[in-house]
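Numbering (this note's numbering), first residue to last: -4 to 124.
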């Protein structure tokens, strides 16, 4: 059976409090569904399908389960904005050599996700002597 990812949900004890965080951080349009405690997230009509993934050992910041990746135009800006909005940076901006920059954020409810900035020139800074 072939399968592909189609949706995602973000969880929190007070999900309505996460609306401003994600709307401000990623520009997502988020609206409450009438009559139920559910908010629909529209990431954009031109958003690429969730088509790739990976399988690896758990990262050092204690994540279990799945870690969603969100592509951004600037990893550094996303990390700074997330902190300003009440999120926590779990992994600072790090290079995947010649591929991208990435960092890991926890939203105010503790949900973890990775921000990904493609960059074929990304390279870690030299180690100090």
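Note that the Cβ used here is the ideal one computed from N, Cα and C, for glycine as well.
Computed from a prediction, not measured in an experiment: that's the story for all the values here.
Assigned exposure category for residue i - 16 Cβ within 10 Å defines buried
i: residue 22; result: exposed
i: residue 96; result: buried
i: residue 77; result: buried
i: residue 98; result: buried
i: residue 33; result: exposed
i: residue 6; result: exposed
Proximal residues to residue i (C-beta, below 6 Å), its chain only, five neighbours per side dropped
i: residue 92; result: 118
i: residue 66; result: 111
i: residue 83; result: 101
i: residue 18; result: 25
Through-space distance from residue j to residue i, alpha-carbon basis
i: residue 108; j: residue 121; result: 27 Å
i: residue 85; j: residue 103; result: 12 Å
i: residue 9; j: residue 79; result: 19 Å
i: residue 15; j: residue 81; result: 10 Å
i: residue 71; j: residue 88; result: 6 Å
i: residue 13; j: residue 94; result: 30 Å
i: residue 3; j: residue 114; result: 26 Å
i: residue 106; j: residue 74; result: 15 Å
i: residue 29; j: residue 61; result: 29 Å
i: residue 27; j: residue 123; result: 50 Å
Among the options, nearest to residue i - alpha-carbon criterion
i: residue 38; options: 82, 88 and 25; result: 25
i: residue 63; options: 101, 11, 31 and 113; result: 101
i: residue 31; options: 74, 90 and 11; result: 11
i: residue 90; options: 61, 29, 116 and 28; result: 116
Cutoff 7 Å; reference residue i; Cβ partners in own chain excluding five residues on either side
i: residue 69; result: 112
Same chain only: Cβ atoms within 8 Å of residue i, ignoring 5 sequence neighbours per side
i: residue 20; result: 73, 76, 77, 80 and 82
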